[in-house]
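Novice: What follows is a single structure, and I will ask about it in a moment.
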Amino acid sequence: MNDATLLEVNDLHAHIGSPRGVVKAVDGVSFDLRHGAALGIVGESGSGKSVMARAVMGLMPPRSDCTGEVLFHGRNLLTLTKKELRAIWGKQIAMVFQDPGRSLNPVVRVDRQLTEGMRQHLGISKSEALTRALGLLTEVGVPDPERRLRAYPHELSGGMRQRVMIAVALACEPELLIADEPTTALDVTIQRQVLDLLRRIQAERSMSLMLISHDLHVVAGRTDRVAVMYAGRLAETGASRTVFDDPRHRYTSALLAATPTIEHERHARLRVIPGSLPSPTDPPAGCRFAPRCTATSDSCLTSQPAMVTIDEDHRVACAHPVMTKQKEGELVGR
Ligand SMILES: Nc1ncnc2c1ncn2[C@@H]1O[C@H](COP(=O)(O)OP(=O)(O)OP(=O)(O)O)[C@@H](O)[C@H]1O
Ligand SMILES: [Mg+2]
1105 MNDATLLEVN
1115 DLHAHIGSPR
1125 GVVKAVDGVS
1135 FDLRHGAALG
1145 IVGESGSGKS
1155 VMARAVMGLM
1165 PPRSDCTGEV
1175 LFHGRNLLTL
1185 TKKELRAIWG
1195 KQIAMVFQDP
1205 GRSLNPVVRV
1215 DRQLTEGMRQ
1225 HLGISKSEAL
1235 TRALGLLTEV
1245 GVPDPERRLR
1255 AYPHELSGGM
1265 RQRVMIAVAL
1275 ACEPELLIAD
1285 EPTTALDVTI
1295 QRQVLDLLRR
1305 IQAERSMSLM
1315 LISHDLHVVA
1325 GRTDRVAVMY
1335 AGRLAETGAS
1345 RTVFDDPRHR
1355 YTSALLAATP
1365 TIEHERHARL
1375 RVIPGSLPSP
1385 TDPPAGCRFA
1395 PRCTATSDSC
1405 LTSQPAMVTI
1415 DEDHRVACAH
1425 PVMTKQKEGE
1435 LVGR
C-alpha cells in the first residue's frame, strides 16, 4: 500500500447464508482506490456490487462471512468492532444506498438528518450545523434550501430526495463516498445532473468516490478507473476511458452493447447478453463467464482465469482476451 492509496481491497470474499445455500456474492475481489480519485464498479444485476460495497463498509447481513482484507488508511476494517466502525461511518466513509429507504428516515425532517451526524462527528453547535446544512443543500443544487430543511422526505420529489441523500452523506466531509446506483428511479435528465454533481463535488473536495452502476456508459465518463464485476469476481479493470474504448473481456463488450443507457437512450439498439448469471450458490469451477462466452476453450471450463496485464493499468481476467480493438461481432455487432 503506497501513500496515494486510500482503500485497498485484497481477495475479498463475502458469503451470505440463505435458505438456498451459501450465496458466494463476492468471491475473490481485489482493487485499490487512490486519495481523491473516482472508481466505477459496474456489472449486471446480481453480480455482487452492493454486497461488495456493504462488505467494504462492514455492513453485512447476519449469517454472513467476510474474509480477505479491506485496508482503509492501512487498517483492516474487517477486523474492527461495530463500535470502531461506527466512528468511521459517516465521518470517514459515507454511503448513498441503492435503496433510498435506507438512507433517509421518513419520519425525521431534513434538517435533523443533516445536522445530527455533524454535531456528533464534528462536535459543532446546532446553529453552526444548520448553517452548514444550508450550505450543503445549496451545494447539491436544492432550490429554496431554507424551506427544504423543514421538509419531511416524502414532501420532496425523487430528484430532491436523491440530492438530500447525497448532502447527508457529504455532511461530515467523508474521505470516501460510496454511491450505490445513486440515480435509479430518477428520470434521465435528473440522473445526468445528479451524476455530474457527484463527479464535480468529488473533484472539488478531492474526495475519493466509488460509483456503482450497471451502466458502463454512465460510469466511464465520470470516473478515473473502472472495475467490471461479473458473478462475484472482477472481469476487467483499468482507466475508464481505456476499458470503455478498448474492452478486452467479452463480458465488458457485451455489457456495453446490452446496457440501456441514459447517455444514448435515443439510438441505443440493445442486445441481450445470451445466457444468464451462474448460480451464486454453486458457481462453475472454471471461468464464471465461460457458459456465455464466445471464445471458450477446455481450460476455461476447469480453471479460473488469472488477472493478466494488457497494459500497465489495464487488467483482464481471461485466458483468451480480445487482442485487437475490433469488438466481437457476435456480441456487439450492429
Ligand atoms: N441479504 C442477502 N441474502 C441472501 N442473498 C443475497 C443478499 N443480498 C444479496 N444477495 C445475493 O447476492 C448476489 C449479489 O447481489 P447484489 O445485491 O450485490 O447484486 P448487485 O450487483 O448489487 O445487483 P443490482 O444491480 O441488482 O443492484 C445476488 O445473487 C443476490 O441475490
Ligand atoms: Mg446493487
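Numbered according to my numbering, the sequence shown spans residues 1105 to 1438.
Note that CB positions come from ideal geometry on N, CA and C, so glycine has one too.
A quick note: this is a predicted structure, and the numbers were derived from the prediction, not measured.
Can you name the residues that DSSP bridges to His-1119?
Specialist: Here residue 1119 refers to the residue found at position 15 when the sequence shown is read from its first residue. Beta-bridge pairing links His-1119 to Lys-1128 and Asp-1169.
Novice: Given the structure, does Lys-1153 come close to ligand 2, in the sense that its CB is under 6 Å from one of the ligand's heavy atoms?
Specialist: For this step, residue 1153 is matched to residue 49 along the sequence shown. Lys-1153 Cβ: within cutoff of ligand 2.
Novice: When every heavy atom of ligand 1 is checked, does at least one fall within less than 6 Å of the C-beta of Ala-1358?
Specialist: By 1-based counting over the sequence shown, the position of residue 1358 is 254. Not so, every heavy atom of ligand 1 lies at least 6 Å from the Cβ.
Novice: Ligand 2 heavy atoms versus the CB of Gln-1062: any closer than 6 Å?
Specialist: The structure shown does not extend to residue 1062, since the chain is modelled only from 1105 to 1438, so the question has no answer here.
Novice: Closest by CA to Leu-1281, which one among Val-1160, Thr-1293, Ile-1377 and Glu-1173?
Specialist: On the sequence shown, residue 1281 is found 177 positions in, with the first residue counted as 1. Nearest of Val-1160, Thr-1293, Ile-1377 and Glu-1173 to Leu-1281, Cα basis: Val-1160.
Novice: When burial is assigned at 16 or more other CB atoms within 10 Å of the CB, is Asp-1131 buried or exposed?
Specialist: Position 27 of the sequence shown, counting from 1, holds the residue named residue 1131. Burial call: buried.
Novice: Taking only runs that begin and end inside the region 1256–1322, name each unbroken beta strand (DSSP E) of 3 or more residues, in chain order.
Specialist: Whole beta strand (DSSP E) segments, 3+ residues: 1280–1284 and 1312–1317.
Novice: Taking the straight line between their C-alpha atoms, what separation do you get for Gln-1224 and Ala-1273?
Specialist: Here residue 1224 refers to the residue found at position 120 when the sequence shown is read from its first residue. Here residue 1273 refers to the residue found at position 169 when the sequence shown is read from its first residue. Taking the straight line joining both Cα atoms gives about 14 Å.
Novice: Does ligand 1 have a heavy atom nearer than 6 Å to the CB of Pro-1384?
Specialist: As a working mapping, residue 1384 is identified with position 280 in the sequence shown. Yes, ligand 1 has a heavy atom inside 6 Å of this Cβ.
Novice: Is the beta carbon of Ala-1129 within less than 6 Å of some heavy atom of ligand 1?
Specialist: Taking the sequence shown and counting its residues from 1, the one referred to as residue 1129 is at position 25. Indeed, a heavy atom of ligand 1 lies less than 6 Å from the Cβ.
Novice: Going by Cα to Cα distance, which pick from Leu-1143, Ala-1343 and Leu-1381 is closest to Thr-1413?
Specialist: Reading the sequence shown from its first residue, position 309 is the one you call residue 1413. Checked all of Leu-1143, Ala-1343 and Leu-1381; the closest Cα to Thr-1413 is Ala-1343.
Novice: Just the Cα atoms here: how many angstroms apart are Thr-1183 and Arg-1138?
Specialist: Indexing the sequence shown from 1 puts residue 1183 at position 79. Indexing the sequence shown from 1 puts residue 1138 at position 34. Distance between the alpha carbons of Thr-1183 and Arg-1138: 22 Å.
Novice: Report whether the distance from the Cβ of Gly-1150 to the nearest heavy atom of ligand 1 is below 6 Å.
Specialist: Within the sequence shown, residue 1150 is the residue found at index 46, counting from 1. Checking the Cβ of Gly-1150 against ligand 1 gives yes.
Novice: Figure out for me which residue from Gly-1245, Ser-1317 and Asp-1328 has the closest Cα to the Cα of Ile-1294.
Specialist: One-based indexing of the sequence shown puts residue 1294 at position 190. Minimum Cα distance to Ile-1294 is reached at Gly-1245.
Novice: Kindly give me the distance between the Cβ atoms of Val-1426 and Ser-1383, rounded to whole angstroms, as I take these residues to be in contact under 8 Å.
Specialist: Reading the sequence shown from its first residue, position 322 is the one you call residue 1426. Reading the sequence shown from its first residue, position 279 is the one you call residue 1383. Their Cβ separation, rounded to whole angstroms, is 27 Å, which puts Val-1426 and Ser-1383 out of contact at 8 Å.
Novice: CB of His-1318 to nearest heavy atom of ligand 1: below 6 Å?
Specialist: Here residue 1318 corresponds to residue number 214 of the sequence shown, with the count starting at 1. Indeed, a heavy atom of ligand 1 lies less than 6 Å from the Cβ.
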